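Before any comments, here is the structure.
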Amino acid sequence: MEMPYSLQTLPPEAIDILRYYATSALDSAHADQIVDGAGMSERGFGKGIRRLVTKTYLLMSGDQVYRLTDAGKRVVAELRDYDDEAPPAPRKSEARFMRRHLVLVTPRSLSVNKTVQVVLGFDEADETEELQAPVNMLLRLAVVNGDPRRPREASFILSNRHVQQSFEISAGSYTTARLRIEVCQYQDDSDDFEFCGGMYVDLPVSLDDADQASAAYGIDVILKEE
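Under this note's numbering, the first residue of the sequence shown is numbered 197, with each subsequent residue one higher.
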């Protein structure tokens, strides 16, 4: 049902005032009653009441007491009919928060200035943590005492299946290199994103050939679904 034209020309504050009269079944009310009953600010009340008085829907019959005119009563009746037949406004669903397990696979140790490949990936989602739709994600990896010093980024789409990303890293002339990982989730197909978890792992660095056996490290991150 479309809102009557007489109401479409009014600001929302004026509609709130008329709705107060419609629900309270009063023909006149003090300004303080209206502000409290309609849950309005003083500024909003002032804006709305001026328009209603100008349209001659309300008259001030006493000290801050406003009375509906015959035209005002007709508009209130139209608003009541509209509210009775209009479909209820859809409720905004609450966001869901789900855990996904992030795994880093890397050699047990690193050799100075030798490039190796590490893998970051997400396990498959548990049945109770499944996404309703894929989400856009961002992985950031940086190495303290190594390369890349500045975070290297990889964007990807995460569904309920396993997914992984590879990065190349190397260690400098230090005894330890720290891998820092951040996981972010893009918001609503935009360039904005939220941090949703991360971890760091310290690996020993050797001048000789490093231990190439693989080690896995994991952490849960929190995803948000609107």
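Think of the CB as a built atom: it goes at the ideal place given N, C-alpha and C, for glycine as much as any other residue. This one's a predicted model, so the numbers in the text were calculated from it and none came from an experiment.
Please classify residue i as buried or exposed, where buried requires at least 16 neighbouring CB atoms within 10 angstroms.
i	result
residue 305	buried
residue 268	buried
residue 353	exposed
Determine the contact status of residue i and residue j, defining contact as a CB-CB distance below 8 angstroms.
i	j	result
residue 255	residue 210	no
residue 300	residue 397	yes
residue 296	residue 325	yes
residue 207	residue 243	yes
residue 302	residue 411	yes
residue 313	residue 362	yes
DSSP three-state label for residue i, please.
i	result
residue 403	coil
residue 267	helix
residue 420	strand
residue 202	helix
residue 375	strand
residue 328	coil
residue 305	coil
residue 234	helix
residue 214	helix
residue 273	helix
residue 387	coil
residue 336	strand
residue 223	coil
residue 259	coil
On the DSSP bridge assignment, give the partners of residue i in chain order.
i	result
residue 241	Note: residue 241 sits in no beta bridge, so no partner.
residue 397	375
Nearer than 7 angstroms: is that true of the beta carbon of residue i relative to any heavy atom of the ligand PLP?
i	result
residue 358	As far as ligands go, the structure on display features none, and thus does not contain the ligand PLP.
**Message:** Quick check: the segment 330–344 against the segment 356–375, are at least 3 beta-carbon pairs closer than 8 angstroms?
**Reply:** yes
**Asked** Would the segment 251–268 and the segment 217–233 be scored as touching if the rule is three or more Cβ pairs under 8 angstroms?
**Response** yes
**Prompt:** For the 8 angstroms Cβ check, are there 3 or more pairs between the segment 343–350 and the segment 397–408?
**Reply:** Cβ pair count under 8 angstroms is below three, so no.
**Asked** Per the contact definition of three or more C-beta pairs closer than 8 angstroms, is the segment 411–419 in contact with the segment 380–394?
**Response** A contact exists between the segment 380–394 and the segment 411–419.
**Item:** Segment contact flag, the segment 269–278 with the segment 215–222, C-beta cutoff 8 angstroms, min 3 pairs
**Value:** Touching, yes, given that three or more Cβ pairs across the two stretches are closer than 8 angstroms.
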